[in-house]
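Novice: Residue numbers (our numbering), protein chains in the order written: chain Z, -6 to 450; chain B, -6 to 450; chain L, -6 to 450; chain R, 4 to 115; chain G, 4 to 115; chain V, 4 to 115. Below are the structure tokens for one structure; questions will follow.
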Amino acid sequence: MPEAPTIDTGNTAWLLISSAIVLLMTPGLALFYGGLNRAKGVLNMMMMSFSAIGLVSILWLFYGFTVAFGDDKGGLIGDLGQYLGTKTFMAETDLWGETGIPLYVFLAFQMMFAIITVALISGAISDRAKFSGWLLFAFGWATLVYFPVAHWVWGGGFIGAKLGALDFAGGTAVHINAGAAALALVLVLGKRLGWPREAMKPHNVPMVALGAGLLWFGWFGFNAGSELTADSTTAIAFLNTQVCTAAAVLGWLVAEWLRDGKPTLVGASSGAIAGLVAITPACAFVAPWAAVLLGLVAGVLCALAVGLKYRLGYDDSLDVVGVHFVGGWIGCLWIGLFGTSSVSSLVSDEGLFYGGGVTQLGVQALSALIVTVYSFAIALGLGFLIEKTIGFRVSAEAEVDGIDLAEHAESGYDLSPAAGGSGGAFALAGIGTPGAAKPADEPAEPASAPVNEKVGG
Amino acid sequence: MPEAPTIDTGNTAWLLISSAIVLLMTPGLALFYGGLNRAKGVLNMMMMSFSAIGLVSILWLFYGFTVAFGDDKGGLIGDLGQYLGTKTFMAETDLWGETGIPLYVFLAFQMMFAIITVALISGAISDRAKFSGWLLFAFGWATLVYFPVAHWVWGGGFIGAKLGALDFAGGTAVHINAGAAALALVLVLGKRLGWPREAMKPHNVPMVALGAGLLWFGWFGFNAGSELTADSTTAIAFLNTQVCTAAAVLGWLVAEWLRDGKPTLVGASSGAIAGLVAITPACAFVAPWAAVLLGLVAGVLCALAVGLKYRLGYDDSLDVVGVHFVGGWIGCLWIGLFGTSSVSSLVSDEGLFYGGGVTQLGVQALSALIVTVYSFAIALGLGFLIEKTIGFRVSAEAEVDGIDLAEHAESGYDLSPAAGGSGGAFALAGIGTPGAAKPADEPAEPASAPVNEKVGG
Amino acid sequence: MPEAPTIDTGNTAWLLISSAIVLLMTPGLALFYGGLNRAKGVLNMMMMSFSAIGLVSILWLFYGFTVAFGDDKGGLIGDLGQYLGTKTFMAETDLWGETGIPLYVFLAFQMMFAIITVALISGAISDRAKFSGWLLFAFGWATLVYFPVAHWVWGGGFIGAKLGALDFAGGTAVHINAGAAALALVLVLGKRLGWPREAMKPHNVPMVALGAGLLWFGWFGFNAGSELTADSTTAIAFLNTQVCTAAAVLGWLVAEWLRDGKPTLVGASSGAIAGLVAITPACAFVAPWAAVLLGLVAGVLCALAVGLKYRLGYDDSLDVVGVHFVGGWIGCLWIGLFGTSSVSSLVSDEGLFYGGGVTQLGVQALSALIVTVYSFAIALGLGFLIEKTIGFRVSAEAEVDGIDLAEHAESGYDLSPAAGGSGGAFALAGIGTPGAAKPADEPAEPASAPVNEKVGG
Amino acid sequence: MKLVTAVIKPYQLDAVKEALHALGVAGLTVSEVQGYGRQKGHTEVYRGAEYTVEFLPKIRVEVLTDEIDVEKIVDAVVAAARTGKIGDGKVWVTAVEDVVRVRTGERGLDAL
Amino acid sequence: MKLVTAVIKPYQLDAVKEALHALGVAGLTVSEVQGYGRQKGHTEVYRGAEYTVEFLPKIRVEVLTDEIDVEKIVDAVVAAARTGKIGDGKVWVTAVEDVVRVRTGERGLDAL
Amino acid sequence: MKLVTAVIKPYQLDAVKEALHALGVAGLTVSEVQGYGRQKGHTEVYRGAEYTVEFLPKIRVEVLTDEIDVEKIVDAVVAAARTGKIGDGKVWVTAVEDVVRVRTGERGLDAL
Ligand SMILES: Nc1ncnc2c1ncn2[C@@H]1O[C@H](COP(=O)(O)OP(=O)(O)O)[C@@H](O)[C@H]1O
Ligand SMILES: Nc1ncnc2c1ncn2[C@@H]1O[C@H](COP(=O)(O)OP(=O)(O)O)[C@@H](O)[C@H]1O
Ligand SMILES: Nc1ncnc2c1ncn2[C@@H]1O[C@H](COP(=O)(O)OP(=O)(O)O)[C@@H](O)[C@H]1O
């Protein structure tokens, strides 16, 4: 008589901490994107990530999880009633499969994936999207695209279960998916004013590198966590994530060095993301040396791909397409080239380079294509709907003055080299305050003249 | 014959990493508070957190832990001799209870709680407290308030063990406790010069968001780690932490949108903290949907509460009271409203909404009240004592010039758009250095004219 | 019949997450060093860390691991063929020793050590090293110094296995090793222009503190992870790391207070690093109270040591020698003073203060000396070789204009108090862009005038 | 010798620079300033407190020139900086007694 | 036409602005500068090295005005900027030959 | 009274300050500016796009002085700021009608 599954504390510990570090990826993304952006839109850029955490968490709890991971219905969607967020799952048997992990840990882990996938899209539409439009889009796209696609790929749906496409941690479900949606939104919203005549370069490169560092860190949870348990597949997923990313950093830097004459820190950071994206679907299916090769290829190709927008004339502001869409495709196809059953028993058709023919390669391409087309189409439709109803793009005036002021009534920095320090006369002078008082000149009645405080109306 | 408890590697791994991420919360808090502060006091603000790590760790090791978690003496204090820091606990049996966790891991985990509770207070007294005064206060309050209160609530003392109040991860012991002390210090120190006529807005909002992100991340260790083991209670504590916080982000943003016309990133970050605070006591006692509701309520109420200081005329600079005190109370009472034994066997009296009457609600309120009064009173006394002896507030001149220069002789930034880059003439000119040399003009004798280097006298 | 070792999920979870947080240390180091640097070289400083991640990961996979941890050959080097990176280790028996941890997890964990050791060196040569020279040096030093020294100390080589020197997590192998190499490079490269007449102070102190916070966090993986399993040795290593570091923060602050009249945040952050360095070799061998004492001593001594460069006239820009070399020596000797078998069974000779005589102290000193001499000598040779061939130092002009522009063609910040906010006219004016367009003045043909986009040639 | 000083909207800098270029002006010096005038500032919100930023970012452009070109330069700057909206700024002219080129020590017109 | 330039302590800007406002001055331009004079700088400490920051943050205020108001304006600025401590700054007056309002092209007094 | 204004390379500020000090000049005011002239800017690269930064960081130094010292001051600044390379900058002199020391209200020479 088989024992009832019980909690494995080691696996549970691993997935708990994996969930936490995957959550941290979205603030990391906010920093990465925010730093790449111009200073006058840094807050709006970060708000798109932070609001995605707020919104998608709730949607996922209430219906996203059951859409994606409820028992399969016709290959398309999960059982809607099974895990509705109004229920509570605290029985001893409420574990996820054979992993020895409480259901709620798995639910939380996958929640973090849904959040960041939505947030990824925002990099393409920097400095020009209404915040209300973004929220509406996030809601619609998560519901209509991410939740079902996650089901198709991982939840028993047709891409994973029928087609037999492999995607360990989200090449199709996350990166191609988000990249295709990003491209659609760029077409809906159009270019930033002045693009491409102005370079619109990053306003804070150390912040970009910090974001990249946090993303890299969290990605170990993303990729190695996707095994759900702590075993040797987890180990190789972890190692491949590291070496592929390292190689992609080198690849991007070499591409820059040859092309531009100089390697940059933005390039190193971008290369890291390209490598992380590319290894995501393949991390548990290829040997470490093949992961290194993948990193080099992805680093170089993505470095070239981010230039395409200038030739094609679309303003994918922070290169979501060039990095996530392109990197996702490369990684997805890599499984068809270098996937091998000597690494993972999930690989049934050896990759092309292992003599397994093009079967798996074809399946991989088909799966990527399906997700590309579906996500692009729905995102395009949603985008136009929003543009036609509440309006998706801010006014030209708001864009010139800065979206942070226009949409959020705040500005990123009030530094003045060091306010009160070696510089910072403006900050000392209280410019930007309703009236800079003389030091000792306090109001007679403390609460009589608040700064237009509106709480009490 | 019951087996002697042995180490459970999974539980130990979980609590080790939980301890590490809870430690990271305090640098996260330093960034959150530092970014909210004006630039001329950012370093002092961060110093209060970093010094709390330094000081409280040592106190906790030597006597804090035994005060809080030594065998209960009369409901008030732990056995002082039991875990004195001069002893060593490396025997095979030195585990914590039935958790399978080495004693030292539990000691370290709880150490991180003591640190951050003290650091939380500092947000209320920004830009005007002498650093020596702060250190003295931190020492006194940790010793007289935090250590015993932790005992009362968690260590077998009268609030947890007799009264039967529930506080999973620190609504009373941490947030109400720190919030009440913060209010007391504000009364002792008075308002910043110029407040409230000047707005004193955040100098670095991306840094605020980064701090919030790190706090959110670490809070999983704080809340889900408080179960000490990796099981389904851990799982629901983790999930509730996430969904309550997400809902609070949305709640705060909606409150801002309705009241001010614009949602802000400072608001999203603040909402996250409010949600994290509110779910802290309740995370293992309520269903996920009730955690979402709690988040919405806490987000909205704290957004309103931070405005109260303008009406009441006290300068709680970074809103420790409005967020931690208010949020802590809401979360503490929530257990009396939505706590249910279907989630946790520790809930003996069902919450009001589950038909359990007001018993638990009353107990919760009483526990919160006791901690409020005790912490406020001792903090007030300590504060006045310090003010009357060594002085607690800096001179008006120091405050105008900036507390970073006055108390720490350093300034936060020397940026000049990009020193040596597209701007930054001042940085290039070496303003702020003892004498900017011409490029090739090196001193003839290398060590002859150091910059007033004082090491060697 | 002894059971074949199987995977322990708890230990594996602990080492997986330890590996991830140790990786995060290098971006943390990039922030710590970057913030300490002048603004015009912040990116180059961070690039040295990020490129070390890229480069060393690949070297380690392909041959570093087998050099360090392959079966010992003559006490000097590991079996070169055993773990070559072209092989794949996914068999059920591919575990590391008796730890129950997959081989690949151990390989990844140790990879992170190799990375950060190389990156540590870069702090000494800020603002003046060619990036190509740095890459070459990193490659050479990792290969000729770090990989074999790791073998000598931990991999079965003569220092650990024959001499009997103790180094739990890297006092000799990491910190003395990197510090000695840093000193050598300083001698090769010479002083920065203007040093020491100009103070060259940190450009972003909050970033320094952030970096210190991330390093502290990751160091728990570094030290407590070095036990490889989750047990009571892990617990005391964790606790000692915390309390020694806390004490070192206090020690450094007190030293500053007495000497300079003011304690600084740069001091608190530096003290933390000094404490972390010092406890690294000793963390599993001393009682917590002895760790506190070590922290105080290391904090004070390193605070004094960083001033030595002004007297001796070498420009160790960010004090790698004063902190890592000195701190490493202190921690290494501490084992000879306070190491005790009551904490660890690995201690065979009790430390001097436990009445064990000077045996262990002598062994410790000898091991530190060997590593110092070897690393210094090879680094000096490598440095001169690079200087004489491709050149290691940038031109004086590049140094004056800023190494970020000269070597990476990018600049760290484009802030202008708040571009588009309360200030930031320059950013609004698009200074630094190829031609700031009038708001509505978009190019007629989108792709016709890209900003010298070079992808398509 | 004259000094033409213009306080303009940041976004107009490029147009002004090009207009001056077209006139053969070889050099200019710009700096960040904050202006206060008829143009209204904006409002920021911070945790429920609302406050007005009254100063607006402007760019100051300074051009040294000879007496002959000064009118042309003023006209060119005014034309290029104009958007027609409040806050376009001011241009003013002051007399300069002497100019020296640091590199060569040349004086007067030769120094430009 | 005259240009009144004042270099003042940052904290006095608000008082100066209000004093000018009271005189009916409709516009002004301010910028960040660093001053060196009788007032001493401060000392910073970095890892045991101590160094002096000699330049102090100041605000430069510029007001264009007609000949008639210039004395009143100077007096008002001096009065509002005064704290009586060393480092209060300087106010000086230069002649302006012409002023143009960019938006309208108005010249002279009408441009103010 | 005269105002000597110099736009110089940032690294020369220290030399200029010392040269002025040697002449007994007690005070000066400096600010950050960006210059455009014969000196070429630099090129930055961002994700494959290359662009030119045309403006170069310069420092503006302003010294109020009496008529007698003005030539000495100009010469000293020019000498101290010179590196001999393109971009060394300009020094110019304008007439000042009056100067007031804010702290005391002293006027003219006494205000310096
Ligand atoms: N009297 C003045 N003195 C100096 N600068 C002024 C004066 N009046 C206006 N300015 C500058 O000109 C800018 C534009 O002035 P404003 O009154 O807003 O619009 P306009 O010039 O279109 O009437 C201001 O922001 C300020 O920098
Ligand atoms: N000769 C000068 N030329 C230009 N600016 C000066 C001159 N002397 C002083 N200043 C400016 O005035 C400011 C105040 O001068 P200072 O000598 O410190 O005090 P005070 O004006 O009260 O005597 C200085 O910081 C500097 O910006
Ligand atoms: N006509 C001008 N008006 C105002 N500033 C000028 C003018 N010409 C040059 N400058 C300033 O002088 C600096 C140096 O000028 P540049 O032509 O590059 O070199 P040089 O003065 O050595 O011939 C410029 O960066 C600019 O700030």
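Idealized CB from N, CA, C, for every residue including glycine.
#1: Please tell me whether Gly71(L) and Gly204(L) are closer than 7 Å, where the distance is taken between their beta carbons.
#2: Quick check: the Cα distance between Phe216(Z) and Pro(-2)(B), rounded to an integer number of angstroms?
#3: Report yes if the C-beta distance between Leu67(R) and Leu115(R) is below 7 Å; otherwise report no.
#4: Where does Met83(L) fall in DSSP's three states?
#5: Count the other C-beta atoms from every protein chain shown that fall within 10 angstroms of the C-beta of Gly163(L), then say buried if there are 16 or more, exposed otherwise.
#6: Hey, Ile229(Z) and Ile10(L): beta-carbon distance below 7 Å or not?
#7: Using a Cβ-Cβ cut-off of 7 Å, state whether Gly405(Z) counts as contacting chain B.
#8: Any heavy atom of ligand 1 inside 6 Å of the beta-carbon of Gly30(G)?
#9: Can a CB atom of chain G be found closer than 7 Å to the CB of Ile62(V)?
#10: Assign Val19(R) to one of three DSSP states: helix, strand, or coil.
#11: Report the three-state DSSP secondary structure of Gln353(L) (helix, strand or coil).
#12: Which same chain residues end up closer than 8 Å to Val103(V) when comparing Cβ atoms and leaving out the 5 residues on each side of it in sequence?
#13: Please report whether the beta-carbon of Pro256(B) lies at a distance below 7 Å from any beta-carbon of chain L.
#14: Assuming contact is defined by CB atoms lying nearer than 7 Å, are Asn463(B) and Met38(B) in contact in what I supplied?
#15: For Ala192(L), return the contacting residues in chain Z, with the cut-off set at a CB-CB distance below 9 Å.
#16: Roughly how many whole angstroms lie between the Cα atoms of Lys455(B) and Phe106(B)?
#17: Determine the burial state of Glu35(G): buried for a count of at least 16 other Cβ atoms within 10 Å of its Cβ, exposed for fewer.
#18: Taking the Cβ atom as the reference point for each residue, do Ile89(R) and Gln42(R) lie within a distance shorter than 7 Å?
#19: Compute the distance between the beta-carbons of Ser368(B) and Ala174(B), then report whether it is under 7 Å.
#20: Nearest-angstrom Cα distance between Trp7(L) and Asn233(B)?
#21: Where do the N-terminal and C-terminal ends of the alpha helix (DSSP H) with Leu408(B) fall, by residue?
#22: Using 7 Å as the limit for Cβ to Cβ distance, is Ala391(L) near chain V?
#23: Mind reading off the beta-carbon distance from Arg85(G) to Arg106(V)? Whole number of angstroms is fine, and I expect it under 8 Å.
#24: Does the distance between the C-beta of Asp91(R) and the nearest non-hydrogen atom of ligand 1 fall short of 6 Å?
#25: Note down the Cα distance separating Ala192(Z) from Thr32(R), rounded to an integer number of angstroms.
#26: Okay, do the segment 115 to 122 of chain L and the segment 391 to 402 of chain L touch, 3+ Cβ pairs below 8 Å being the bar?
#27: Name the chain V residues whose beta carbon is nearer than 8 Å to that of Ile76(G)?
#28: Between Val49(Z) and Pro141(Z), how many whole angstroms is the CB-CB distance? I'm expecting something under 8 Å.
#29: Name the chain G residues that come within less than 9 Å of Lys117(R), Cβ to Cβ?
#30: With 16 as the cutoff for other CB atoms within 10 Å, does Glu100(R) come out buried or exposed?
#31: Does the Cβ of Ser388(Z) have 16 or more other Cβ atoms within 10 Å, making it buried, or fewer, making it exposed?
#32: Where DSSP assigns a beta bridge to Leu59(R), which residues make up the other side?
Specialist: From the atom records:
#1: On the third sequence, residue 71(L) is found 78 positions in, with the first residue counted as 1. On the third sequence, residue 204(L) is found 211 positions in, with the first residue counted as 1. Contact: no.
#2: Translated into the one-based positions of the first sequence, residue 216(Z) becomes position 223. Translated into the one-based positions of the second sequence, residue -2(B) becomes position 5. The amino acid occupying residue 216(Z) in the given sequence is Asn; Phe does not appear at that position. Each residue's Cα considered, the two are about 34 Å apart.
#3: Taking the fourth sequence and counting its residues from 1, one reaches residue 67(R) at position 64. Taking the fourth sequence and counting its residues from 1, one reaches residue 115(R) at position 112. Yes, they are a contact pair.
#4: Within the third sequence, residue 83(L) is the residue found at index 90, counting from 1. Note: Met83(L) maps to coil in three-state DSSP.
#5: Stepping through the third sequence from its first residue, residue 163(L) is reached at position 170. Gly163(L) is buried by the Cβ-count criterion.
#6: For the purposes of this step, residue 229(Z) is taken as residue 236 along the first sequence, with counting starting at 1. For the purposes of this step, residue 10(L) is taken as residue 17 along the third sequence, with counting starting at 1. No; because the gap between Cβ atoms is not below 7 Å, this pair is not in contact.
#7: Sequence index remark: in the first sequence, residue 405(Z) carries index 412 (1-based). Yes, Gly405(Z) counts as interfacial toward chain B.
#8: As a position in the fifth sequence, residue 30(G) is number 27, starting the count at 1. Yes, ligand 1 has a heavy atom inside 6 Å of this Cβ.
#9: As a working note, residue 62(V) is residue 59 in the sixth sequence. Not closer than 7 Å to any Cβ of chain G, the Cβ of Ile62(V) fails to qualify, so no.
#10: Start at 1 with the first residue of the fourth sequence, and residue 19(R) comes out as number 16. In this structure, Val19(R) counts as helix in the three-state DSSP scheme.
#11: Here residue 353(L) corresponds to residue number 360 of the third sequence, with the count starting at 1. If DSSP states are grouped into helix, strand and coil, Gln353(L) belongs with the helices.
#12: On the sixth sequence, residue 103(V) is found 100 positions in, with the first residue counted as 1. Excluding residues within five positions, the ones whose Cβ falls inside 8 Å are Glu109, Arg110, Ala114.
#13: Residue numbering aside, residue 256(B) sits at position 263 when the second sequence is read from its first letter. Judged by the 7 Å Cβ criterion, Pro256(B) is not in contact with chain L.
#14: The question about residue 463(B) has no answer here: the residues shown for chain B are numbered -6 through 450.
#15: Within the third sequence, the letter at position 199 stands for residue 192(L). Result: empty, since nearest Cβ-Cβ is about 11 Å, beyond 9 Å.
#16: What is shown of chain B runs -6 to 450, which leaves residue 455(B) out entirely.
#17: Taking the fifth sequence and counting its residues from 1, one reaches residue 35(G) at position 32. Buried, since its Cβ has 16 or more Cβ neighbours within 10 Å.
#18: By one-based count along the fourth sequence, residue 89(R) stands at place 86. By one-based count along the fourth sequence, residue 42(R) stands at place 39. Cβ distance < 7 Å, so Ile89(R) and Gln42(R) count as in contact.
#19: For the purposes of this step, residue 368(B) is taken as the residue at position 375 of the second sequence. For the purposes of this step, residue 174(B) is taken as the residue at position 181 of the second sequence. A contact, by the Cβ cut-off of 7 Å.
#20: Mapped onto the third sequence, residue 7(L) falls at position 14. Mapped onto the second sequence, residue 233(B) falls at position 240. For Trp7(L) and Asn233(B), the distance between alpha carbons rounds to 24 Å.
#21: As a working note, residue 408(B) is residue 415 in the second sequence. Note, Leu408(B): premise wrong, no alpha helix (DSSP H); not H, not E.
#22: Working through the third sequence from its first residue, we reach residue 391(L) at position 398. No, no contact with chain V.
#23: Here residue 85(G) is taken as the residue at index 82 of the fifth sequence, counted from 1. Here residue 106(V) is taken as the residue at index 103 of the sixth sequence, counted from 1. Indeed, because the Cβ distance is near 6 Å, the residues count as touching under 8 Å.
#24: Locating residue 91(R) in the fourth sequence gives position 88, counting from the first residue. Yes.
#25: Against the first sequence, residue 192(Z) aligns to sequence position 199. Against the fourth sequence, residue 32(R) aligns to sequence position 29. Spanning the two alpha carbons is a distance of roughly 22 Å.
#26: yes
#27: In the fifth sequence, residue 76(G) corresponds to position 73, counting from 1. Within chain V, no residue comes near Ile76(G); the closest Cβ sits about 11 Å away, beyond 8 Å.
#28: Residue numbering aside, residue 49(Z) sits at position 56 when the first sequence is read from its first letter. Residue numbering aside, residue 141(Z) sits at position 148 when the first sequence is read from its first letter. Between Pro141(Z) and Val49(Z) the Cβ distance is about 15 Å, and since that is not below 8 Å, they are no contact.
#29: This structure leaves residue 117(R) out entirely; chain R is present only between 4 and 115.
#30: Taking the first residue of the fourth sequence as position 1, residue 100(R) is located at position 97. By the neighbour-count rule (16 or more Cβ atoms within 10 Å), Glu100(R) is not buried but exposed.
#31: Counting from 1 along the first sequence, the entry for residue 388(Z) is found at position 395. By the neighbour-count rule (16 or more Cβ atoms within 10 Å), Ser388(Z) is not buried but exposed.
#32: As a first step, residue 59(R) must be located in the fourth sequence, where it is residue number 56. Answer by DSSP bridge pairing, in chain order: Gly38(R).
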